[in-house]
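J.: Provided herewith is a single structure, encoded as structure tokens, for subsequent inquiry.
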Amino acid sequence: MSQPEPQSPPGNTAVQRAASPRAAPRDVLLVGNPNCGKSLLFNRLTGLQQRVANYPGVTVDVRSGQMGELRLRDFPGIYSLSPLTLDEQVAVRELRAGLASEGTCGLLYVLDATRLERSLYLLLQLLPEAVAARVPVLVLANVMDELVSRGARLDLEGLQAALGCPVLGISGRTGQGVPELQRALESWKDAGHASRLLPTLTPDAPSDVGALKARARALAQAHGPNADVLLKSQHRLDRFFLSSLGGPLAFLLLMAVLFQAVFSWAAPLMDAVEWATTALGALVAGWMPGALLQDFVRDGLFAGMGSFLVFVPQIFVLFVVIGVLEDSGYLARAAVILHRPLSAFGLSGKSFVPLLSGHACAIPAMMAARTIESPRRRLLTILSIPFMSCSARLPIYGLLIGAFIPAHAVLGGLLGLQGLVLTGLYVLGVTAALLVSATLHAALPKRQGVLGDAPFVLELPPYRLPSARAILRAALSRSFSFVRRAAPVIFSVTIIVWVLGYFPHGAGHLESSWLAQLGKLIAPVLAPIGADWKVTVGVLTSFVAREVFVGTLGTLYGLQAGGDTVPTALLQQGMSTATAISLLVFYALSLQCASTLAVMRKETGSGRIAAGAFVGMSLIAYAAACAAYQLAHLLG
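The numbering used here applies: residue 9 is where the sequence shown begins, and numbers increase by one.
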């Protein structure tokens, strides 16, 4: 398919001549609708690895990256210059500030070639403001590869002439058109040349909303692809995934696969990591001079860090499965299916994606809640997210389930018992979140404009076959990011725990160590769930970050058992299954992440809300753990 070279179109040259060169222009603004492919293009141009997914609302803040001498600024997706949600308010405010800035040398507008009318509406709003600010505009018609594969075409030349600004066909996924785009960006370094690429306005350019929509529709019909061709396959799949029977069944099946995969698919990698850390610990310890350093390396450092690292494969598998769901376009359909049941608890279908993202990490999940128009439902979503079992909980789940739950097949061999228990923990967190949300929904005042409501409107993205390479790369990046964030904390706590557990009498005297004295002092707090002082110390240190619990136990039992794996040591020390179950319940419901509390305070604008969430979840977790311990004892 041929496409025009990005150049100054014919039109009102008086506007172009009136433009004066700017002083040292260096910023390029990247703008478009949600889910139009901006972030993917941003990554390709800057070499960064910002998160991308096939549903609206992934980018919720302005991101920047360098392209040589130029700085590319990726704005959250917006549908118009009249914002409804917090992320749109941020985008419109920053966009107008960017247009007014002397440091801006151009604007890249990314439109989805498969959804032309919607994309053109925002563009028609932007062009007059770009002309007034003397900012050149280059329109990028994205997903051209997908358009061609569906047998459709886009009239790039006609669209360029009609809009009065250059139009370039590209594909952020395949790189089509990117070299031409990079050449165009190089020319923007010259402010004088860039000023000659200003968009032009025809005398009859519409300004009111109705006229803009009519103009966008007319342009899409005249120069865009046939909508029926593009939507045929999507409608066929939606008849199943959005049906009253097929939708819920598909959702339950996908969730079951997700939780089962965390144990079954990750097992070989976990075994390999455990063997490698044990062997490496013994090897490095052998190089150390003196028994003290050898004990620290083997029983402290590698026992503590190794106990944490062995569960990273489970986190990687979780990110892979979530990545498939994100890139396929299914998540938005699940949000539609779940809107009605979630509404009964004060939430919304738009709460689903932040809640699911919370199973990876609560921090970006809370920021993703900015896409929810209703302040009331946004607040309830933010308060519900910490109940989702994030990736930091997985090492704890893996440790306790692996030690106390037998790897038996259930349901006729369809599921493993360990995977079923893991599923139960995720369900427990979701159930608690819904109950808390419903309680707060009933208690909070229903004042319009403060905690008011808004209708549920959600764009359904096209179905796409996920890219295995992109998903694996993203899962690796997110896994390494998790390890980089957690490792320094675990390393620091490991050193402290080892020192307190080693002294004053050395290895083999853990019961008389300084740590034992501290642990026995606070052990009565967890006596109602049958925990000894070692487990109590582990729980105490995990209030720094949940994943520290595994590293702490690894260090403690490394000191006690001379390098045995943590599950074996736990069994040898006689922790009961009831205690293990109560700990699982406690960690499923507690809020033990300082970063999450900080983001909650920022997103809600209230330190009291964050403090209340911490205290409330801690009390709920403690009460539920005690109840689980008593119930487990009654059931034998």
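No residue lacks a Cβ here, since even glycine has one placed at the ideal position from N, Cα and C. Bear in mind that the values here come from a model prediction, so they are computed numbers and not experimental data.
1. Got a sec: is the Cβ-Cβ distance from R384 to anything in chain D below 7 Å?
2. Report the CB separation of L116 from L37 in whole angstroms; it is logged as a contact under 8 Å.
3. Please specify which runs of the beta strand (DSSP E), each continuous and at least 3 residues long, are wholly inside the region 79-136, giving them in chain order.
4. Taking C-beta to C-beta, are A494 and E555 nearer than 7 Å?
5. Please state whether the Cβ-Cβ distance between E165 and A228 is less than 7 Å.
6. Can you check which of these residues, V438, L317, V491, is closest to E282 by C-alpha distance?
7. Measuring alpha carbon to alpha carbon, tell me which residue in P256, L326, G298, Q268 is nearest H347.
8. Determine the burial state of Q268: buried for a count of at least 16 other Cβ atoms within 10 Å of its Cβ, exposed for fewer.
9. Look at the Cβ atom of S397, then the Cβ atom of V558, and state whether they are nearer than 7 Å.
10. Taking V175 as part of the beta strand (DSSP E), name the residues at either end of that continuous run.
11. Tell me, please, whether the region 544-551 touches the region 479-487 by the rule of three or more beta-carbon pairs shorter than 8 Å.
12. Under the three-state reduction of DSSP, which class applies to Q638: helix, strand or coil?
13. Below 8 Å on the Cβ atoms is my guess for F249 versus R341; work out the distance and round it to an integer in Å.
14. Keeping to the same chain, check which residues put their C-beta closer than 8 Å to that of T587; ignore five residues upstream and five downstream.
15. By Cβ distance below 7 Å, which residues in the same chain neighbour F304 in space, the five residues on each side in sequence not counted?
16. With contact counted as at least three CB pairs below 8 Å, one residue from each stretch, are the region 431-444 and the region 285-301 in contact?
17. What number of angstroms, rounded off, separates the C-alpha of L639 from the C-alpha of Y595?
18. By how many angstroms is the C-alpha of E77 removed from the C-alpha of F83?
19. Compute the distance between the beta-carbons of P469 and D335, then report whether it is under 7 Å.
20. Is the separation between the beta-carbon of L597 and that of I617 shorter than 7 Å?
21. Count the other CB atoms within 10 Å of the CB of N234; is the residue buried (16 or more) or exposed (fewer)?
22. Tell me which same chain residues have a C-beta within less than 6 Å of the C-beta of L245, skipping the five on either side of it?
23. Ignore the nearest five residues each way along the sequence and tell me which others in A99's own chain have a CB closer than 6 Å to its CB.
24. Please state whether DSSP places S72 in a helix, a strand or coil.
25. If I measure Cβ to Cβ from M313 and keep anything under 8 Å in the same chain, skipping five residues before and after, which residues do I get?
26. For the candidate residues E96, E110, F324, whose alpha-carbon lies nearest to that of R378?
27. Pull up the distance between the alpha-carbon of S272 and that of A602, whole angstroms please.
28. Considering just the uninterrupted stretch of the alpha helix (DSSP H) at A222, what are its terminal residues?
29. Return yes when the Cβ of T604 is within less than 7 Å of the Cβ of P394, no when it is not.
30. What is the rounded straight-line gap between the Cα of Y129 and the Cα of M374?
31. Under DSSP, the alpha helix (DSSP H) around G166 begins and ends at which residues?
32. Using a threshold of 7 Å, state whether the C-beta atoms of L180 and M152 are closer than that.
33. So N51 is in the beta strand (DSSP E); what residue range does that whole segment cover?
34. Tell whether a beta-carbon distance below 7 Å holds between S399 and F490.
35. Indicate whether Q322 and G406 have their beta-carbon atoms separated by less than 7 Å.
36. Mind checking whether V143 and T112 have CB atoms under 7 Å apart?
T.: Short version:
1. The structure shown contains no chain D, having only a single protein chain.
2. The residue given as residue 116 occupies position 108 in the sequence shown. The residue given as residue 37 occupies position 29 in the sequence shown. Separation of the CB atoms of L116 and L37 is rounded to 7 Å, and the pair is thereby assigned contact status at 8 Å.
3. Segments of the beta strand (DSSP E) lying fully in the region 79-136: 112-120.
4. In the sequence shown, residue 494 corresponds to position 486, counting from 1. In the sequence shown, residue 555 corresponds to position 547, counting from 1. Result yes, Cβ atoms of A494 and E555 sit closer than 7 Å.
5. As a working mapping, residue 165 is identified with position 157 in the sequence shown. As a working mapping, residue 228 is identified with position 220 in the sequence shown. Pairing E165 with A228 gives a Cβ-Cβ distance that is not under 7 Å.
6. Looking up residue 282 in the sequence shown gives position 274. For E282, the nearest C-alpha among the options comes from L317.
7. Your numbering for residue 347 matches position 339 in the sequence shown. Nearest Cα to H347 within the set P256, L326, G298, Q268: P256.
8. Along the sequence shown, one-based indexing puts residue 268 at 260. With 16 or more other Cβ atoms inside 10 Å of its own Cβ, Q268 counts as buried.
9. Here the question's residue 397 lines up with position 389 in the sequence shown. Here the question's residue 558 lines up with position 550 in the sequence shown. No, these two residues do not count as a Cβ contact at 7 Å.
10. By 1-based counting over the sequence shown, the position of residue 175 is 167. That run of the beta strand (DSSP E) goes 175-177.
11. The region 544-551 vs the region 479-487: no contact.
12. In the sequence shown, residue 638 corresponds to position 630, counting from 1. Three-state DSSP puts Q638 in a helix.
13. Residue mapping note: residue 249 aligns to position 241 of the sequence shown, counting from 1. Residue mapping note: residue 341 aligns to position 333 of the sequence shown, counting from 1. By a beta-carbon distance limit of 8 Å, F249 contacts R341. Their separation comes to about 5 Å.
14. Along the sequence shown, read from residue 1 onward, the residue named residue 587 stands at position 579. Counting only Cβ-Cβ distances below 8 Å, and skipping sequence neighbours, we find I537, G538, A539, V543, Y637.
15. Reading the sequence shown from its first residue, position 296 is the one you call residue 304. Counting only Cβ-Cβ distances below 7 Å, and skipping sequence neighbours, we find W506.
16. Fewer than three beta-carbon pairs drawn from the region 431-444 and the region 285-301 are found closer than 8 Å, and the two stretches are therefore not classed as touching.
17. As a first step, residue 639 must be located in the sequence shown, where it is residue number 631. As a first step, residue 595 must be located in the sequence shown, where it is residue number 587. Roughly 17 Å separates the two Cα atoms.
18. Along the sequence shown, one-based indexing puts residue 83 at 75. Along the sequence shown, one-based indexing puts residue 77 at 69. Going from the Cα of F83 to the Cα of E77 covers about 19 Å.
19. For the purposes of this step, residue 469 is taken as residue 461 along the sequence shown, with counting starting at 1. For the purposes of this step, residue 335 is taken as residue 327 along the sequence shown, with counting starting at 1. At a Cβ-Cβ threshold of 7 Å, P469 and D335 do not count as neighbours.
20. Residue numbering aside, residue 597 sits at position 589 when the sequence shown is read from its first letter. Residue numbering aside, residue 617 sits at position 609 when the sequence shown is read from its first letter. Going by C-beta atoms, L597 is not nearer than 7 Å to I617.
21. If you number the sequence shown from 1, residue 234 lands on position 226. Counting of Cβ neighbours within 10 angstroms places N234 among the exposed residues, the total staying below 16.
22. Mapped onto the sequence shown, residue 245 falls at position 237. The beta carbon of L245 sits closer than 6 Å to those of Y471, all from its chain and outside the five residues before and after it, given in chain order.
23. Working through the sequence shown from its first residue, we reach residue 99 at position 91. Close CB contacts of A99 within its chain, under the 6 Å cut and outside five residues either way in sequence, are with F83, P84, I86 (chain order).
24. Looking up residue 72 in the sequence shown gives position 64. In the three-state DSSP reduction, S72 falls in the strand class (E or B).
25. Mapped onto the sequence shown, residue 313 falls at position 305. Cβ neighbours of M313 beyond the five flanking positions: T285, A495, I498, F499, T502, G559, G562.
26. Position 370 of the sequence shown holds residue 378. Ranking the options by Cα distance to R378, first place goes to E96.
27. Sequence index remark: in the sequence shown, residue 272 carries index 264 (1-based). Sequence index remark: in the sequence shown, residue 602 carries index 594 (1-based). Roughly 31 Å separates the two Cα atoms.
28. Position 214 of the sequence shown, counted from the start, is the residue given in the question as residue 222. First-last of the alpha helix (DSSP H) with A222: 217-231.
29. Here residue 394 refers to the residue found at position 386 when the sequence shown is read from its first residue. Here residue 604 refers to the residue found at position 596 when the sequence shown is read from its first residue. If you check the CB distance, P394 and T604 come in under 7 Å.
30. Taking the sequence shown and counting its residues from 1, the one referred to as residue 129 is at position 121. Taking the sequence shown and counting its residues from 1, the one referred to as residue 374 is at position 366. Roughly 29 Å separates the two Cα atoms.
31. Counting from one through the sequence shown, the residue named residue 166 turns up at place 158. Looking at the DSSP string, the run of the alpha helix (DSSP H) that includes G166 is 164-171.
32. Along the sequence shown, read from residue 1 onward, the residue named residue 180 stands at position 172. Along the sequence shown, read from residue 1 onward, the residue named residue 152 stands at position 144. As written in the sequence, residue 180 is Gly, which differs from the Leu given in the question. Not in contact: G180 and M152 (Cβ atoms no closer than 7 Å).
33. Taking the first residue of the sequence shown as 1, we reach residue 51 at position 43. Per DSSP, N51 belongs to no beta strand (DSSP E); it is in the alpha helix (DSSP H), 46-54.
34. In the sequence shown, the residue the question calls residue 399 occupies position 391. In the sequence shown, the residue the question calls residue 490 occupies position 482. Yes, these two residues count as a Cβ contact at 7 Å.
35. For the purposes of this step, residue 322 is taken as residue 314 along the sequence shown, with counting starting at 1. For the purposes of this step, residue 406 is taken as residue 398 along the sequence shown, with counting starting at 1. The answer is yes: Cβ separation under 7 Å.
36. For the purposes of this step, residue 143 is taken as residue 135 along the sequence shown, with counting starting at 1. For the purposes of this step, residue 112 is taken as residue 104 along the sequence shown, with counting starting at 1. Against a cut-off of 7 Å, the Cβ pair of T112 and V143 comes out as a contact.
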